[in-house]
Amino acid sequence: MSIAKLTVLLVGVVAVMCGGCGKHAESVTLAGSTAFAPFAEKLGGQFMAIHPGVRISVQGGGSTVGIQSAQQGKAQIGMADMVKLPPEADGLTAVVVARDGVAVIVNPANLVTNLSMSQVRDIFCGKIANWKSVGGKDALITVVSREAGSGTRSSFEQIVGNVKLTSGALVQDSNGSIRETVAGDSQAIGYLSHGLVNSKIKALIVDGVPCTVEAVVAGKYALVRPIFLLTKGAPKGATQAFIDFVLSESGQTQIRKDGLLPAK
Amino acid sequence: MRLSADKFAQYTFLGIACSAIASLMLIAVFSLKEGLPFILWYGPVEFLTSTNWNPQENQFGVGAMIVASLWVTAGAMLIGAPLGVAVAVFLSEFVPRPVMRVIKPAIELLAGIPSVVYGFIGMMVLAPLIRRHLGGPGLCILSAAIVLGIMVLPTVISISVDAIGAVPNSFREGALALGATRWQAVRMVVLKAARSGIVASIILGMGRAVGETMAVIMVAGNTPRLPHGLLEPVRTLTANIAIEMSAAIGRHREALFATGVVLFVVIMGLNSLAMAVMRRKGAR
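From first to last, the protein sequence lines are chains A and B. Using this note's numbering, you'd call the opening residue of the first sequence number 1 and step up by one each time. Using this note's numbering, you'd call the opening residue of the second sequence number 1001 and step up by one each time.
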């Protein structure tokens, strides 16, 4: 390749990289919860269409990172999906913008359809190790959990209460791989964001309540976590406008359409 | 004019070469700076030998993960090394040149397949097979060892082929002239002469196996517990860092850097071993 061609190529690459960094009057960065990040991105796109002067950028990283970024000012808005905000979030202004059910899932081949909360607890603690004890086949239970520090995991463990995860549990680092693992293993049990339940897995009825949008909205289904947007001090300017947009009628409708639950 | 252009190029490339060393130094210094205080605070012996990893309760023992990394790597080498060396011997001694010119690049192409693809195939195909026929959760030491064993093949094969190719033809001719069969010539003369290169290829492959992360996360199950059999899920050192990195703060984050220090030491050890073996070959 000649030097001239190489130069053209390099200039092209740089131009493409810089294409996205035009001048904007104001920019708002969101960071944190991977469960809410796709929603924030979509809502951000709609918001930018209405307010061309504002640039919304969304980063993942997990709830812990969301809290940290909001505290340190790396992001104007931190996203966290936890039942109870940890002490690290002290001093941040928190708004609930959506809620998310946590579905307890098994393989469709599993005979069990119904578990009580205490059975769920005993399974994840390793006290119940065979499906026979809860009405299934005589087969060992493969517990699948998220990694330490995951917002979904801490929500799940807090709502179920007193969960000390069995040392034999498989650990997967995303909702998607939890789903794949459970879909492929007839003895597995796991949990994930209810919006991600599909036909390859089966969501269990917990304490007699199925994991449906209706049951969660009605407040009957117990495994629900709020999704917080966190700001340092009261939000203002474009940050305030974006949070208002997320909470608006159209924002909430969008959230509901894509599988999360509205805030109220 | 000419001279100054030469000088310019010389210093430019010297600078680039030095930047490679500089980044190595930076990585070493940074991981040590972040990880060493934690190791000293937690206690080196406790950190390395305890098998309790429970960040939520401030238990940070990487013993189970060191063992897991060793098991998985050993398994991978048991599969990859004999297979790789056998293929290398076959390619360089028993296959006509034109055929080898097709097969060798194809094998090297294996090295270009992203590890996530190996992991995905392992997760979707291999793990269910193991679960169905051997029991256990399927995501286990055996799955990881098989996937890694295949992943190290390109490294082992291409370096071994080069080592065997470097053996002078007169060695083979000498053996054959003395009445050795082709196999005897290969086994008694060629393999002996190429031994250090072959050993180096295995050690470099081992380095790849220890350091591999993505594929291992997808097939090993990631349970931070001391394994008692090949069908049990394990978490390797690399997987530990990658899985918990995004959500770790404070002590937990430092503990992951400390895990990185352990990994760094292991891999540096393996690489210096490879270099020592290669140097011995040069001296002879």
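Ideal Cβ positions, reconstructed from N, Cα and C, are used throughout, including at glycine. Nothing here was measured: the structure is a model prediction, and the numbers come from that model.
{"query": "Per DSSP, cross-strand counterpart(s) of P262 (chain A)", "result": "A:A98"}
{"query": "Residue-level contact to chain A via CB, R1235 (chain B), 8 Å cutoff", "result": "yes"}
{"query": "Rounded C-alpha distance that separates G61 (chain A) from S1019 (chain B)", "result": "30 Å"}
{"query": "For M1218 (chain B) and G1119 (chain B), believed in contact at Cβ under 8 Å, the rounded distance", "result": "3 Å"}
{"query": "Per DSSP, the bridge partner or partners of P226 (chain A)", "result": "A:R99"}
{"query": "Where A1200 (chain B) sits in the DSSP three-state scheme", "result": "helix"}
{"query": "Residues that A31 (chain A) contacts on chain B, provided the C-beta gap is smaller than 8 Å", "result": "What A31 (chain A) touches in chain B: nothing, since even the nearest Cβ is about 11 Å away."}
{"query": "Positions along the region 1053 to 1072 of chain B whose CB lies within less than 8 Å of some CB in chain A", "result": "N1054, P1055, Q1056"}
{"query": "Identity of the residue in A:Q254, A:L260, A:V160, A:P262 nearest K42 (chain A) by Cα", "result": "A:Q254"}
{"query": "Own chain residues within Cβ distance below 8 Å of V216 (chain A), not counting five before or after", "result": "R99, G101, H194, V224, L261"}
{"query": "T142 (chain A) - containing alpha helix (DSSP H), residue span", "result": "Not the alpha helix (DSSP H): T142 (chain A) falls in the beta strand (DSSP E), residues 142 to 146."}
{"query": "Where V1266 (chain B) sits in the DSSP three-state scheme", "result": "helix"}
{"query": "Residues bridged to S193 (chain A) [DSSP beta-bridge criterion]", "result": "A:V102"}
{"query": "Option nearest A139 (chain A) by Cα separation, candidates A:R179, A:R55, A:V120, A:N110", "result": "A:N110"}
{"query": "Proximity test, Cβ basis, 8 Å: G1229 (chain B) and chain A", "result": "no"}
{"query": "Which residues DSSP lists as bridging I205 (chain A), in chain order", "result": "A:N114"}
{"query": "Span separating the alpha-carbon of F272 (chain A) from that of M117 (chain A)", "result": "Not covered by the structure: residue 272 (chain A). The range shown for chain A is 1 to 264."}
{"query": "8 Å contact criterion, which A1286 (chain B) and I1039 (chain B) should meet: CB distance rounded", "result": "Here chain B has residues from 1001 to 1284 only, and residue 1286 (chain B) is not among them."}
{"query": "Interface partners of E147 (chain A) on chain B, CB under 8 Å", "result": "N1222, I1243, E1244, A1247"}
{"query": "Buried or exposed by the 16-neighbour rule on C-beta atoms within 10 Å, applied to P108 (chain A)", "result": "exposed"}
{"query": "7 Å Cβ shell around T1073 (chain B) - same chain, five flanking residues per side excluded", "result": "M1206, A1209, V1210"}
{"query": "K23 (chain A) to P52 (chain A) span [Cα, whole Å]", "result": "Here K23 (chain A) scores only 49 on pLDDT, less than 50, and its place in the model should not be relied on; the value that follows carries that caveat. In a straight line, the C-alpha of K23 (chain A) is about 11 Å away from that of P52 (chain A)."}
{"query": "Interface flag, V65 (chain A) vs chain B, CB-CB below 8 Å", "result": "yes"}
{"query": "Beta-carbon separation (whole angstroms), I189 (chain A) vs I141 (chain A), contact threshold 8 Å", "result": "6 Å"}
{"query": "Buried versus exposed, by CB contacts within 10 Å (16 or more), P226 (chain A)", "result": "buried"}
{"query": "Assigned exposure category for C21 (chain A) - 16 Cβ within 10 Å defines buried", "result": "Only weak support exists for where C21 (chain A) lies, its pLDDT of 47 falling under 50; the coordinates are left without a value."}
{"query": "Three-way DSSP call (helix, strand, coil) for A215 (chain A) in this model", "result": "helix"}
{"query": "Pick from A:K236, A:A35, A:A238 that is closest to S150 (chain A), judged by C-alpha positions", "result": "A:A35"}
{"query": "For R55 (chain A), three-class secondary structure by DSSP", "result": "strand"}
{"query": "Cα-Cα separation, V1062 (chain B) to I56 (chain A)", "result": "40 Å"}
{"query": "C-beta neighbour in chain B for E214 (chain A), strict 8 Å", "result": "no"}
{"query": "Member of A:D90, A:T93, A:L170, A:V83 whose CA lies at the smallest distance from the CA of S154 (chain A)", "result": "A:V83"}
{"query": "Endpoints, alpha helix (DSSP H) assigned at Q71 (chain A)", "result": "63 to 72"}
{"query": "Stretch pair the region 1225 to 1232 of chain B + the region 1257 to 1273 of chain B: three plus CB contacts closer than 8 Å", "result": "no"}
{"query": "For T152 (chain A) and L192 (chain A), believed in contact at Cβ under 8 Å, the rounded distance", "result": "7 Å"}
{"query": "Rounded straight-line distance, which links the Cα of L1048 (chain B) to that of P1037 (chain B)", "result": "14 Å"}
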